[in-house]
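A.B. asks:
In the working numbering, the protein residues as written are 3 to 431.
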């Protein structure tokens, strides 16, 4: 633990924070670094972004800076573009009523960090640092909680979770990421307000999951979610019993390489005890409920699809051509990581596959075609499925090393076409 200082910021972030704060000060206001950046500096970590809180209202901020984006202006938040960097600047405020379980029904602008701190979720996120003077303010004793390794809600905990059910997911994320022990009253409040999760949109749930995947100890976060009983609200059935344990083990094994794609593929693995995932209809339905982008959905399905081909390759039942086609897949390495994390099937054979894939040159993996589609058309092959089948079969022969040049390819094609003709003659005779 250390006292936060703007000197610990990356130069780009420090210059932006100081530049914005200086302009606000010259206009008669004050600005403070708050939230994750101040918390991370206190923990000795280098922040990757910086947010500011100010006593100037959004209209004043908009007038002060050349480039702003009113992304949440109605709730006091503006994005200030400073030398190409977007910095979130939010007016001190208090909030009242959360009928949609997400945003306040009423926002009242304030004039002090004390007012602003009272509406924040956890004490560790209510640390304030003046980027110009390095003055540090801790209205709700968040620094003390961090020193003690405690995660605690600001104010009345049940009210905090009732305001926004997503804070229950943020609770397990921060506890895992920062390796904090949740204060008992906060834990019991989260358990008592689990129904608040029902008002949280699927997109926000997925977004919080993705943040968990990007942090340390994702398995710990989802285990805490299960212990709270919150998984029944946002992942019903997926973390229960032995299969739930297996999914959590997968997440733990994948921690060092985990991405949102790998995380969802492991978390929603249709059957982590099977060599290849069975019918994934239920998994796909849950994935779609989380409202992923088409690209994310496709990537998760691809990881599941590749489990079978990896098993075949690892057991030696796949041809060389099939293995090389597997190595071409953009998701090959992620799929291999998932296969190994699942711990079923021929895991011991995957080291040889990885070594083989890394030893292959680009030309060996993607050799130039020996014959083109036009060559086959010129040889009398008609357009249609047969044309594609012959091109793929020829490439298989090339990948296997049985056909190595254009002359051999033409001879192979002649044999294929001649064989077809002989079979046709026999059938007609």
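Note that beta-carbon positions come from the ideal geometry of N, C-alpha and C, so glycine has one too.
Given a cut-off of 8 angstroms, decide if residue 59 and residue 130 are closer than it, judged by their beta-carbon atoms.
C.D. replies: No, these two residues do not count as a Cβ contact at 8 angstroms.
A.B. asks: Could you spell out the range, first to last residue, of the alpha helix (DSSP H) harbouring residue 43?
C.D. replies: Note, residue 43: alpha helix (DSSP H), 38–44.
A.B. asks: Could you give the DSSP three-state label for residue 33: helix, strand or coil?
C.D. replies: Of the three classes helix, strand and coil, the one that applies to residue 33 here is strand, per DSSP.
A.B. asks: Just checking, does the segment 394–414 make contact with the segment 314–334 on the three C-beta pairs under 8 angstroms criterion?
C.D. replies: The segment 394–414 vs the segment 314–334: in contact.
A.B. asks: Do the CB positions of residue 249 and residue 223 come within less than 8 angstroms of each other?
C.D. replies: No; because the gap between Cβ atoms is not below 8 angstroms, this pair is not in contact.
A.B. asks: Run the CB neighbour count on residue 309, radius 10 Å, all protein chains shown included, and call it buried at 16 or more, exposed below.
C.D. replies: With 16 or more other Cβ atoms within 10 Å, it is buried.
A.B. asks: Please go through the segment 202–226 and give each complete alpha helix (DSSP H) segment of 4 or more residues, from N-terminal end onward.
C.D. replies: Counting only runs of 4 or more, we get 204–216.
A.B. asks: With DSSP as the reference, label residue 185 as helix, strand or coil.
C.D. replies: Of the three classes helix, strand and coil, the one that applies to residue 185 here is coil, per DSSP.
A.B. asks: Measuring only the C-alpha atoms, how far is residue 143 from residue 124?
C.D. replies: Going from the Cα of residue 143 to the Cα of residue 124 covers about 10 angstroms.
A.B. asks: In terms of alpha-carbon separation, which member of 94, 292, 113 lies closest to residue 122?
C.D. replies: Comparing Cα-Cα distances from residue 122 to each of 94, 292, 113, the minimum goes to 94.
A.B. asks: What do you reckon, are the CB atoms on residue 273 and residue 252 nearer than 8 angstroms?
C.D. replies: No. Outside cutoff.
A.B. asks: Do the CB positions of residue 382 and residue 419 come within less than 8 angstroms of each other?
C.D. replies: Their beta carbons are under 8 angstroms apart, which means residue 382 touches residue 419 by this criterion.
A.B. asks: Determine the extent of the beta strand (DSSP E) in which residue 55 is found, giving its start and end residues.
C.D. replies: Looking at the DSSP string, the run of the beta strand (DSSP E) that includes residue 55 is 53–56.
A.B. asks: Quick check on the burial criterion: 16 or more other C-beta atoms within 10 angstroms. Buried or exposed for residue 427?
C.D. replies: Caution applies to residue 427, whose pLDDT of 47 falls short of 50 and renders its modelled position unreliable; the model cannot decide the point.
A.B. asks: Could you round the C-beta distance between residue 56 and residue 76 to whole angstroms and report it? I think they count as a contact, below 8 angstroms.
C.D. replies: In fact, because the Cβ distance is near 17 angstroms, the residues do not count as touching under 8 angstroms.
A.B. asks: When you compare the CB positions of residue 226 and residue 178, do they come within less than 8 angstroms of one another, or not?
C.D. replies: It is a contact, given that the beta carbons lie within the stated cut-off.
A.B. asks: Where residue 82 and residue 92 are concerned, what is the direct C-alpha to C-alpha distance, given to the nearest angstrom?
C.D. replies: About 10 angstroms.
A.B. asks: Smallest Cα separation from residue 67: which of 7, 43, 18?
C.D. replies: It is 18 whose Cα lies nearest to the Cα of residue 67.
A.B. asks: Where DSSP assigns a beta bridge to residue 1, which residues make up the other side?
C.D. replies: The requested residue 1 does not occur in the structure, where the chain is confined to residues 3 to 431.
A.B. asks: Measuring only the C-alpha atoms, how far is residue 220 from residue 293?
C.D. replies: Computed Cα separation, rounded: 21 angstroms.
A.B. asks: Short check: CB of residue 228 to CB of residue 246, under 8 angstroms?
C.D. replies: Contact: yes.
A.B. asks: For the candidate residues 285, 157, 333, 284, whose alpha-carbon lies nearest to that of residue 297?
C.D. replies: Of 285, 157, 333, 284, the residue nearest in Cα terms is 333.
A.B. asks: In its own chain, which residues sit with a C-beta less than 7 angstroms from the C-beta of residue 367, not counting the 5 before and 5 after it?
C.D. replies: Here the set comprises 326, 329, 330.
A.B. asks: Check whether the Cβ atoms of residue 217 and residue 175 lie closer than 8 angstroms to each other.
C.D. replies: Contact flag set, yes.
A.B. asks: Does residue 47 pass the burial test, meaning 16 or more other C-beta atoms within 10 Å, or should it be called exposed?
C.D. replies: Residue 47 should be labelled exposed.
A.B. asks: Using CA coordinates, which residue listed in 243, 254, 237 is at the minimum distance from residue 287?
C.D. replies: Among 243, 254, 237, the Cα nearest to that of residue 287 belongs to 237.
A.B. asks: Just reading off the alpha helix (DSSP H) that residue 390 is part of, what are its end residues?
C.D. replies: That run of the alpha helix (DSSP H) goes 387–402.
A.B. asks: Closer than 8 angstroms, CB to CB, is residue 183 near chain B or not?
C.D. replies: Of the protein chains in the structure, only one exists, and it is not chain B.
A.B. asks: How would you call residue 43, buried or exposed, if buried means at least 16 neighbouring beta carbons within 10 angstroms?
C.D. replies: Counting Cβ neighbours within 10 Å, residue 43 comes out buried, since at least 16 surround it.
A.B. asks: Given a cut-off of 8 angstroms, decide if residue 336 and residue 289 are closer than it, judged by their beta-carbon atoms.
C.D. replies: No; because the gap between Cβ atoms is not below 8 angstroms, this pair is not in contact.
A.B. asks: Which two residues bound the contiguous beta strand (DSSP E) that contains residue 70?
C.D. replies: Its beta strand (DSSP E) spans residues 70–74.
A.B. asks: Since residue 347 and residue 316 should fall inside the 8 angstroms C-beta cutoff, what is the C-beta to C-beta distance between them, to a whole number of angstroms?
C.D. replies: Right, their Cβ atoms sit about 7 angstroms apart.
A.B. asks: Along the alpha helix (DSSP H) that carries residue 115, what are the first and last residues, could you check?
C.D. replies: Counting along the chain, the alpha helix (DSSP H) containing residue 115 begins and ends at 115–119.
A.B. asks: Exposed or buried, what is residue 169 when buried is set at 16 or more other beta-carbons lying within 10 Å of its beta-carbon?
C.D. replies: Result: buried.
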